[in-house]
Amino acid sequence: MTHSLAVPPRLRLEVVARRSGLHPDLLRQLVALSVLEADRDVSGQLWFAPDVLVTIGRVQRLRAGLGLNYAGIAVVLDLLNRIHELETEVRRRSGPWT
Amino acid sequence: MAADFYAALGVSRDASTEEIQQAYRKLARRYHPDVNADPAAEDRFKEINEAYQVLADPETRARYDRFGPDFRQIPEDMAGQWAGAGRAGAGSGTVHFGDDAGFDFDDLFGGLFGAGAGRMPGADQEAELVLGVEDAYRGGKRRVTVSGRGGRDYDVTIPPGVTDGQRIRLPGQGGQGRGGPAGDLYLRVRIAPHPRYRLDGRDIHVVLPLAPWEAALGAGVPITTPGGEVKVRVPPGTSSGRRLRLRGEGLPNPRGTPGDLYAEARISVPAKTSRRERELFEELAAASNFDPRRTS
Chain A
1 MTHSLAVPPR LRLEVVARRS GLHPDLLRQL VALSVLEADR DVSGQLWFAP DVLVTIGRVQ
61 RLRAGLGLNY AGIAVVLDLL NRIHELETEV RRRSGPWT
Chain B
99 MAADFYAALG VSRDASTEEI QQAYRKLARR YHPDVNADPA AEDRFKEINE AYQVLADPET
159 RARYDRFGPD FRQIPEDMAG QWAGAGRAGA GSGTVHFGDD AGFDFDDLFG GLFGAGAGRM
219 PGADQEAELV LGVEDAYRGG KRRVTVSGRG GRDYDVTIPP GVTDGQRIRL PGQGGQGRGG
279 PAGDLYLRVR IAPHPRYRLD GRDIHVVLPL APWEAALGAG VPITTPGGEV KVRVPPGTSS
339 GRRLRLRGEG LPNPRGTPGD LYAEARISVP AKTSRREREL FEELAAASNF DPRRTS
């Protein structure tokens, strides 16, 4: 019996565009601005991690709710991720109450 | 919704436009659903935006000041005729907006990505769920009230053996989206301190008080665990601090081996001794050459 290697699922640009409802050009632009992360294969095709859709939701909400530009959004995303890591670490270190 | 738009932004009624904008920016940053995962923050964020939409525009602000919470009900041409009629008790009563009241949260998120571009999903939210050790042990159904949207009740099924920090996901119960799906609501479990049990992951630590003779001679003593009473076999010669492991008597684990229960021996002596007890202890003291301070 042969087993295929477990490849982490990746999403093509078109799939992300369809699922998020954003134009592929806008997605390319967001990658160029490093608001979204994507890998580029040899043919130049962009590949996204599945959680990019969560990030796109954040980008949309931050832009709409606070009127941030994309550079500002990228900073906020980085900071929110760092805060999340730190909070997780603090919780881990402080341990349970009991 | 806020009873008063000025109160929603925390500004006085004679605040300047700059002050209103400053207050709005500050609050919007604090309560933005991606910055603040508290379910109540979503309502607050909407409230702040609604207040700002009205107060930022001098014309609507003037109408709001003049006609109060119902200013939207008064046609604009009519408002002109009413000008000079004085302030119509602004701030009195409560704001009540029907579904067609002209304000739509969706509008706040709309348009910025271009018309029709993007289905914006709602943000995930997180609330704390405090459980007692016994609740965490047994699991089961529990009614949970989450703030936000006027308070929501959920019947949550808690898996037995849930541990501190674990999150229970309620799909689609988070922030509202615009054209996109709602976010998820996560309940982060926090195990409340217990007077007897101390938790370490799924292991439970508990103090086991022993009489000196039980510790010296060994005994089978009952001990209360979250799962009920169990019997511990105390081996002869047990000193304080010795930990007796009861395998599998800790918190259950739905996906593997349950935790263990550690009973830590602690020898207790009677605070007051009867004459007979004293005699026996004296006899024991005379007969024994045991010295706990001498390391053997």
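Protein chains in written order, with this note's numbering: chain A, 1 to 98; chain B, 99 to 394.
Beta carbons: idealized from backbone N, C-alpha and C, even for Gly.
These numbers were taken from a predicted model, which means no experiment stands behind them.
Extent of the continuous beta strand (DSSP E) run through A/LEU77: Taking the first sequence and counting its residues from 1, the one referred to as residue 77 of chain A is at position 77. Where A/LEU77 is concerned, there is no enclosing beta strand (DSSP E), although the alpha helix (DSSP H) it sits in stretches over 70–94.
Proximal chain A residues relative to B/PRO219, where beta-carbon distance stays under 7 Å: The count along the second sequence starts at 1 and reaches residue 219 of chain B at position 121. Those within 7 Å of B/PRO219 in chain A are GLY57.
Proximity test, Cβ basis, 8 Å: B/PHE211 and chain A: Taking the second sequence and counting its residues from 1, one reaches residue 211 of chain B at position 113. Since pLDDT at B/PHE211 reaches only 45, below the 50 mark, its modelled position is unreliable, and no value is offered.
Short Cβ contact (8 Å threshold) for B/ARG391 with B/GLY348: By 1-based counting over the second sequence, the position of residue 391 of chain B is 293. By 1-based counting over the second sequence, the position of residue 348 of chain B is 250. Not closer than 8 Å, so no.
Per-residue contacts from B/ARG300 into chain A (C-beta, under 8 Å): In the second sequence, the residue the question calls residue 300 of chain B occupies position 202. Residues of chain A passing the Cβ test: none, with the nearest at roughly 11 Å.
Spatial distance of B/TYR360 from B/GLY326 (CA atoms): In the second sequence, residue 360 of chain B corresponds to position 262, counting from 1. In the second sequence, residue 326 of chain B corresponds to position 228, counting from 1. When the Cα atoms are used, B/TYR360 and B/GLY326 turn out to be separated by approximately 15 Å.
Neighbour list for A/GLY72 in chain B, Cβ cutoff strictly below 8 Å: Numbered from 1 along the first sequence, position 72 holds the residue referred to as residue 72 of chain A. Neighbourhood of A/GLY72 in chain B, by CB distance below 8 Å: empty, with the nearest CB roughly 11 Å away.
Proximity to B/ARG159 [Cα-Cα], best of B/ASP102, B/LEU297 and B/ASN134: To locate residue 159 of chain B, count along the second sequence from 1; it is residue 61. Minimum Cα distance to B/ARG159 is reached at B/ASP102.
Runs of beta strand (DSSP E) wholly within the stretch 233–312 of chain B (minimum 3 residues, chain order): 238–244, 250–256, 265–268, 283–289, 296–298 and 301–308
Reduced DSSP secondary structure (H/G/I, E/B, other) of B/GLU224: Stepping through the second sequence from its first residue, residue 224 of chain B is reached at position 126. Of the three classes helix, strand and coil, the one that applies to B/GLU224 here is strand, per DSSP.
Beta bridge counterpart(s) of B/LYS329 as assigned by DSSP: Taking the second sequence and counting its residues from 1, the one referred to as residue 329 of chain B is at position 231. Paired residues: B/PRO320.
Per DSSP, cross-strand counterpart(s) of B/ILE365: In the second sequence, residue 365 of chain B corresponds to position 267, counting from 1. BP columns for B/ILE365 point to B/LEU308.
Own chain residues within Cβ distance below 8 Å of B/THR355, not counting five before or after: Taking the first residue of the second sequence as position 1, residue 355 of chain B is located at position 257. Same-chain partners within the cutoff: GLY346.
Per-residue DSSP class, three states only, for A/ASP39: Mapped onto the first sequence, residue 39 of chain A falls at position 39. Residue state, collapsed to three classes: strand.
Residues near B/LEU283 in its chain [Cβ-Cβ closer than 6 Å; skip 5 each side]: The residue you call residue 283 of chain B lines up with position 185 of the second sequence. Cβ neighbours of B/LEU283 beyond the five flanking positions: GLN223, LEU268, GLN271 and GLY272.
Boundaries of the beta strand (DSSP E) in which B/LEU342 is found, first to last residue: Numbered from 1 along the second sequence, position 244 holds the residue referred to as residue 342 of chain B. Segment 341–344, the beta strand (DSSP E) holding B/LEU342.
Cα-Cα separation, A/LEU77 to B/THR261: As a working note, residue 77 of chain A is residue 77 in the first sequence. As a working note, residue 261 of chain B is residue 163 in the second sequence. Those two C-alpha atoms are separated by around 29 Å.
Near-chain A residues of the stretch 250–271 of chain B - C-beta to any C-beta below 7 Å: Using a CB distance below 7 Å, the part of the stretch 250–271 of chain B facing chain A consists of ASP262 and GLY263, ordered along the chain.
Beta carbon proximity, A/GLN60 to chain B, threshold 8 Å: Residue mapping note: residue 60 of chain A aligns to position 60 of the first sequence, counting from 1. By the rule that beta-carbons nearer than 8 Å mark a contact, A/GLN60 touches chain B.
Enclosing alpha helix (DSSP H) for B/LEU382 [first to last residue]: What you label residue 382 of chain B is simply residue 284 of the second sequence in a count that begins at 1. Start and end: 373–385.
Buried versus exposed call for A/ARG115 [16 or more other C-beta atoms within 10 Å across all chains shown]: No information on residue 115 of chain A is available, as it lies outside the stretch 1 to 98 that chain A covers here.
Chain-ordered residues of the stretch 8–23 of chain A with a beta carbon less than 7 Å from chain B: SER20, GLY21, LEU22 and HIS23
Separation of B/GLY166 from B/GLY182, as counted between CA atoms: Stepping through the second sequence from its first residue, residue 182 of chain B is reached at position 84. Stepping through the second sequence from its first residue, residue 166 of chain B is reached at position 68. Here the model assigns B/GLY182 a pLDDT of 42, short of 50, so the residue's position is not dependable, and the following value carries that caveat. Cα to Cα, the separation comes out at about 15 Å.
Which listed residue (B/ARG240, B/LYS144 and B/ASP155) has its alpha carbon closest to that of B/ARG128: In the second sequence, counting from the first residue as 1, residue 128 of chain B sits at position 30. Cα-wise, what sits closest to B/ARG128 is B/LYS144.
Cβ-Cβ separation, B/ALA221 to A/LEU66 (assumed contact under 8 Å), whole Å: Position 66 of the first sequence holds residue 66 of chain A. Position 123 of the second sequence holds residue 221 of chain B. About 13 Å separates the two Cβ atoms, so there is no contact after all.
Continuous beta strand (DSSP E) stretch holding A/PHE48: start and end: Counting from one through the first sequence, the residue named residue 48 of chain A turns up at place 48. Note, A/PHE48: beta strand (DSSP E), 46–48.
Ranges of the alpha helix (DSSP H) found wholly within the stretch 113–175 of chain B, counting only runs of at least 4: Segments of the alpha helix (DSSP H) lying fully in the stretch 113–175 of chain B: 115–129, 137–153 and 156–165.
Counted within 10 angstroms of its Cβ, other Cβ atoms place B/ASP205 as buried (16 or more) or exposed: Start at 1 with the first residue of the second sequence, and residue 205 of chain B comes out as number 107. Bear in mind that a pLDDT of 46 at B/ASP205, under 50, signals an unreliable position, so the number given afterwards is only what the model happens to contain. By the neighbour-count rule (16 or more Cβ atoms within 10 Å), B/ASP205 is not buried but exposed.
Simplified DSSP assignment, three categories, for B/LEU315: By 1-based counting over the second sequence, the position of residue 315 of chain B is 217. DSSP places B/LEU315 in helix when its eight states are reduced to three.
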